[in-house]
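Residue numbers (my numbering): 71 to 646.
Cβ atoms here follow ideal geometry from the backbone N, Cα and C, with glycine treated the same way.
Each remark here refers to the structure printed beneath this line.
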């Protein structure tokens, strides 16, 4: 794996974004809708881009916001719109632009008191709380965030009345209408000045912090944490939850230290990620060096990304836990210690999450609901209670309230972090120790993900792959028991293929944002078996893509194995 020499080191001055230039570019640069990269494009988490690349500029936000207003009208959504933002430099100007359009369209907008930053899960929580018991006048929301993306990026997400990420039907309509506005040079976009928008009768202030913080005891057992008197540490990574944690500690009587409350749009306090870029990723050992270095100060510590919908757990026993490890721990402990959860409530996972989850769910007697990558696939099940837990391999998860009802339908980084404290308090063993127990019972998985270049034609071929095109009957010496191009949970296309044996699997899928494809692999035998899976997986993919690219795609540009990860973490001061 090729790691940048700066990875894990404090960000150097030449890496810091020039915020003044970035914001100027947001207002002054005009996207050309004839250039595909400058059009509105909703991926799995809304529209993202950078003002420097003319992919996130004022014109985009004007067009998207007007498109959302039209979509609301067509869907009969006429309740309040809860509007939140994170701490990226482009979030404040984008919120100002959005307000000018929303107010001009007469939309009732709920802004945070004192213009406080608002995490993604808090918006989902607010939407669901407002809509509970209502049939009409339903609320929805917008979150302005590119998640953990680098500081120059901006992002814009729409959450419909179900509180979760918008599905492809909604985002497809919003994207189409927004690009029509761009092509028409914004003719038809309603707008008023920001001063008038903030004074409009439709603009209101909402105390997001108090409502969310007060409700936390209904999803995490705060009494267990409080009674254990654990000394906890949290690093908000300069993100949207920066002022939530002190309120959580005060309200629930926790011994919680916030290691930094600094908000700086350059994110100069971060250590740089594996590729030498600043990225607020709480699952990355490189980006998490500050908190990892402090781990012996606390019984347990944790962090969240910029919009606080992802988590990172640092334990004394194992250092920073890989996301799949903690997903397994959460599932095992939650279903054992939530007696009010219904027996029919299932475990939700994405197709590329660890097979350890399958084994744990089977032992617990719980149905497994396996879906393609994208949290939107979990929304319906979380809302109706058929899913009590939903998680994805990229450190995103949420789970039901203690009584089994819905908490949020979007990812929530804060409740998994607090759950780690509940587990430690209840078990007298931190999540790293619990995971070791699970490997003793279910076996230790060996994992790796490889990224390799692919042309658009090759990506399309992989996305449209059929099971019949995989002609092999064995993988790494074991009989292939399943070749999947649709998710078992909901039958949705996974945009690639997953091949499964008794003791391993691989999945291959094209990236939705880069000119690459990804191969995920896992073995429950050993690292040699994992190597064979990867070698044969690469050969299968090369065979499929040969007709659209002139032969094998070539050497992976980025690969990360579980063994290598452990060695890297040891070298960075982690014991295991």
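For residue i: DSSP bridge partner residues
| i | result |
| --- | --- |
| residue 80 | 341 |
| residue 155 | 214 |
| residue 227 | 213 |
| residue 374 | 381 |
| residue 275 | 181 |
| residue 591 | 518, 576 |
| residue 553 | 569 |
| residue 335 | DSSP lists no partner for residue 335. |
Enclosing beta strand (DSSP E) for residue i [first to last residue]
| i | result |
| --- | --- |
| residue 479 | Premise fails: residue 479 is in no beta strand (DSSP E) and is neither H nor E. |
| residue 570 | 563-570 |
| residue 459 | 457-462 |
| residue 469 | 466-469 |
Straight-line gap, residue i to residue j (C-alpha atoms, nearest Å)
| i | j | result |
| --- | --- | --- |
| residue 318 | residue 477 | 17 Å |
| residue 150 | residue 72 | 48 Å |
| residue 618 | residue 535 | At residue 618, the pLDDT of 45 sits below 50, so the modelled position is not reliable; the number obtained from the coordinates is stated separately. Approximately 13 Å, taken between the alpha carbons. |
| residue 512 | residue 304 | 31 Å |
| residue 559 | residue 419 | 9 Å |
| residue 166 | residue 384 | 37 Å |
| residue 242 | residue 141 | 11 Å |
| residue 596 | residue 88 | 47 Å |
| residue 519 | residue 345 | 15 Å |
| residue 356 | residue 335 | 19 Å |
| residue 282 | residue 97 | 34 Å |
| residue 298 | residue 498 | 9 Å |
| residue 580 | residue 533 | 7 Å |
| residue 76 | residue 200 | 46 Å |
| residue 106 | residue 609 | 32 Å |
| residue 421 | residue 224 | 28 Å |
| residue 252 | residue 221 | 25 Å |
| residue 181 | residue 314 | 16 Å |
| residue 576 | residue 568 | 6 Å |
| residue 526 | residue 256 | 30 Å |
| residue 587 | residue 262 | 44 Å |
| residue 213 | residue 118 | 12 Å |
| residue 399 | residue 504 | 7 Å |
| residue 359 | residue 368 | 15 Å |
| residue 202 | residue 129 | 35 Å |
| residue 425 | residue 294 | 30 Å |
| residue 208 | residue 287 | 26 Å |
| residue 486 | residue 210 | 24 Å |
| residue 521 | residue 589 | 6 Å |
| residue 90 | residue 388 | 41 Å |
Backbone secondary structure at residue i - three-state DSSP
| i | result |
| --- | --- |
| residue 297 | helix |
| residue 440 | strand |
| residue 421 | coil |
| residue 525 | coil |
| residue 194 | helix |
| residue 348 | coil |
| residue 142 | helix |
| residue 402 | helix |
| residue 302 | strand |
| residue 270 | coil |
| residue 619 | The predicted position of residue 619 is uncertain, since its pLDDT is 38 and thus under 50; no value can be drawn from it. |
| residue 535 | coil |
| residue 73 | coil |
| residue 545 | strand |
Limits of the alpha helix (DSSP H) - the one that residue i falls within
| i | result |
| --- | --- |
| residue 325 | Taken as a continuous stretch (DSSP letters only), residue 325 belongs to no alpha helix (DSSP H), being part of the beta strand (DSSP E) at 325-328. |
| residue 513 | Segment: none, residue 513 is in no alpha helix (DSSP H) and carries neither H nor E. |
| residue 380 | Note, residue 380: premise wrong, no alpha helix (DSSP H); not H, not E. |
| residue 356 | No alpha helix (DSSP H) contains residue 356, which DSSP labels as neither H nor E. |
| residue 245 | 238-253 |
| residue 167 | 161-174 |
| residue 487 | 484-497 |
| residue 451 | 449-454 |
| residue 322 | 314-322 |
| residue 98 | 89-98 |
| residue 118 | No alpha helix (DSSP H) holds residue 118; the beta strand (DSSP E) holding it covers 116-120. |
| residue 429 | 426-434 |
Min CB distance residue i to chain D below 7 Å
| i | result |
| --- | --- |
| residue 102 | Absent here is chain D; the protein component of the structure consists of one chain. |
Three-pair Cβ contact test at 8 Å for the segment 212-225 versus the segment 361-380: yes
Three CB pairs or more closer than 8 Å across the segment 433-448 and the segment 492-507: no
Cβ pair count under 8 Å reaching 3, the segment 101-118 against the segment 225-243: yes
Inter-stretch contact at 8 Å, needing at least 3 Cβ pairs: the segment 496-513 / the segment 425-442: yes
At least three beta-carbon pairs within less than 8 Å, the segment 405-424 to the segment 463-474: yes
Cβ pair count under 8 Å reaching 3, the segment 171-191 against the segment 348-355: no
Inter-stretch contact (C-beta, 8 Å, three-pair minimum) for the segment 264-280 and the segment 182-192: yes
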